[in-house]
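See below for the structure under consideration.
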Amino acid sequence: TDKPNCQVWNPTLKTDETALWSGECRNGKAHGEGVTTWKWREDGEFVTRLVEGERKDGRQVGKVKIKFENGHTYFGSLNANGLQHDGQGNLTYANGEKYVGEFSNGVKHGQGNLTYANGEKYVGEWKDNKRDGEGGLTLASGTKYVGEWKNGKQDGKGTLTGADGYKYVSEWIIGKQDGEGTLTWAN
């Protein structure tokens with residue numbers, strides 16, 4: 224840290240890594256509210272990450288706000304070792320996309336909503352960073368798919384509703400309509 228003899232907990236030390244702590248130091252360890260500025264070398268380049276939150280006896284506790292050098296921002300919980308998004312959180316990407324929902328070990332996993340930069344929105348279940356389970360995707364045009372997803376694609380029973388009101392109910396396999404379906408036109 225930038226304070227002599229003030230330690231922050233780090234379970235995975237990286238090459239040439241430094242940590243600067245802006246808060247108080249108690250019994251030789253970072254303690255209380257503050258910002259930890261992490262800096263390390265990766266592929267010959269320095270990477271910087273700002274982690275704002277509370278530390279007790281050097282360890283990160285509670286919710287944090289992380290600013291990544293690529294412009295992404297995360298607010299929420301971290302896993303037990305303090306390294307990855309875990310539990311409820313909000314991740315805003317540099318391109319304007321925003322995910323609000325559950326994480327597990329650094330990836331979208333569980334219930335969550337992702338609003339894409341182009342105006343599309345997915346609300347539903349996630350598994351390992353992919354749409355998986357029940358969910359709905361609304362395109363910027365107003366067309367909407369609600370149904371089952373697997374590995375990021377429509378898979379199972381689903382309903383496609385057009386912006387003009389038509390409805391198409393069918394089975395889907397790996398993102399494509401499969402077999403016969405029922406089409407209902409709007410009045």
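Residue numbers (the numbering used here): 224 to 410.
Every residue, glycine too, gets a C-beta built ideally from N, C-alpha and C.
Cβ separation of residue i and residue j, assumed to be a contact under 8 angstroms, to the nearest whole Å
{"i": "N318", "j": "G299", "result": "Not quite, the Cβ-Cβ distance comes to about 20 angstroms (not below 8 angstroms), so this is no contact."}
{"i": "V330", "j": "N352", "result": "4 angstroms"}
{"i": "Q334", "j": "E325", "result": "6 angstroms"}
Three-state class that DSSP yields for residue i in the structure shown
{"i": "S253", "result": "Reading off the sequence shown, one finds Ala at residue 253, where the question assumed Ser. In this structure, A253 counts as strand in the three-state DSSP scheme."}
{"i": "G385", "result": "coil"}
{"i": "T260", "result": "strand"}
{"i": "D309", "result": "strand"}
Buried or exposed (CB count within 10 angstroms, at least 16 for buried), residue i
{"i": "R354", "result": "buried"}
{"i": "A242", "result": "buried"}
{"i": "Y389", "result": "exposed"}
{"i": "T259", "result": "buried"}
Cα-Cα separation, residue i to residue j
{"i": "Y368", "j": "G356", "result": "13 angstroms"}
{"i": "W349", "j": "Y322", "result": "11 angstroms"}
{"i": "G294", "j": "K286", "result": "19 angstroms"}
{"i": "W372", "j": "G358", "result": "7 angstroms"}
{"i": "T235", "j": "K262", "result": "13 angstroms"}
{"i": "T315", "j": "T405", "result": "38 angstroms"}
{"i": "W232", "j": "Q283", "result": "8 angstroms"}
{"i": "Q230", "j": "N304", "result": "16 angstroms"}
{"i": "R272", "j": "F291", "result": "5 angstroms"}
{"i": "N247", "j": "I289", "result": "Rather than Asn, the amino acid found at residue 247 in this sequence is Glu. Cα to Cα, the separation comes out at about 19 angstroms."}
{"i": "Q400", "j": "G257", "result": "52 angstroms"}
Bridge-paired residues (DSSP) for residue i
{"i": "L314", "result": "Y297 and Y322"}
{"i": "W372", "result": "G356 and Q377"}
{"i": "N336", "result": "V323 and V346"}
{"i": "W395", "result": "G379 and Q400"}
{"i": "W244", "result": "T259"}
{"i": "L362", "result": "None; L362 has no bridge partner."}
{"i": "G276", "result": "G257 and V287"}
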